[in-house]
Amino acid sequence: MSHYNALWDVIAARVCQNSGITPEDISDSNSAAGNAAKQRIAQIFILEVLLAKHRKTYSTRYLPLSGEDALHHLIFKRTGWLPVEIRSLSFNDSLFVLAELFREENLPAGANDFILKCGLSARTCPTDDFSEKDWAPRENEALLSES
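Using my numbering, the first residue of the sequence shown is number 15, and each one after it goes up by one.
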């Protein structure tokens with residue numbers, strides 16, 4: 015579970031840095047900005063867990079599906095769209111296409127348990143204003159591949 019903790023912390027630091035949100039905001043359950051940031055962190059965390067699962071199924075040593083390639087391949091497998099169409103999607107649009115996967119039953123139990131301990135608000139918060147730079151797939155991938 016420590017790899018989940020490391021992944022969450024790296025994503026949280028990046029989201030805070032890109033949006034000017036402090037760790038105190040994230041710790042404050044009454045902070046709208048902190049709750050939105052936690053939701054954004056959870057989105058990226060879940061995406062990384064889903065991509066790690068996808069890589070285990072579809073990557074090979076000849077085509078490891080690193081970084082954005084894993085996201086693009088996952089979208090391709092779900093939609094059948096042309097790669098050029100998939101690569102033109104924004105990060106938020108990619109998440110939108112995959113929204114149905116962001117459910118507890120699609121995650122390993124350990125990931126679900128970890129997310130529950132992170133204290134996400136029961137309310138949903140808008141995350142469209144967050145930076146696409148919040149997602150650093152190669153850095154995040156390395157944290158999960160060590161497990």
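Here a beta-carbon is modelled for each residue, glycine too, at the ideal position from N, C-alpha and C.
Extent of the continuous alpha helix (DSSP H) run through residue i
{"i": "Ile35", "result": "It is not in any alpha helix (DSSP H) - Ile35 carries neither H nor E in the DSSP assignment."}
{"i": "Ser159", "result": "151-159"}
{"i": "Glu82", "result": "82-93"}
{"i": "Leu134", "result": "Where Leu134 is concerned, there is no enclosing alpha helix (DSSP H), given that its DSSP letter is neither H nor E."}
{"i": "Asp107", "result": "105-111"}
Euclidean distance between Cα positions of residue i and residue j
{"i": "Asp107", "j": "Glu153", "result": "21 Å"}
{"i": "Leu121", "j": "Pro78", "result": "21 Å"}
{"i": "Thr36", "j": "Lys52", "result": "11 Å"}
{"i": "Glu38", "j": "Asp23", "result": "14 Å"}
{"i": "Arg69", "j": "Phe105", "result": "19 Å"}
{"i": "Thr138", "j": "Gln57", "result": "11 Å"}
{"i": "Ala125", "j": "Glu82", "result": "21 Å"}
{"i": "Arg92", "j": "Ser43", "result": "35 Å"}
{"i": "Ile25", "j": "Gly94", "result": "30 Å"}
Cβ-Cβ distance between residue i and residue j below 8 Å
{"i": "Arg165", "j": "Phe144", "result": "Only positions 15 to 161 of the chain appear in this structure, which leaves residue 165 out of reach."}
Counted within 10 angstroms of its Cβ, other Cβ atoms place residue i as buried (16 or more) or exposed
{"i": "Ala50", "result": "buried"}
{"i": "Ser161", "result": "Residue placement at Ser161 is flagged as unreliable, the pLDDT there being 47, under the threshold of 50; a coordinate-derived value is accordingly withheld."}
{"i": "Phe128", "result": "buried"}
8 Å contact criterion, which residue i and residue j should meet: CB distance rounded
{"i": "Leu65", "j": "Leu85", "result": "6 Å"}
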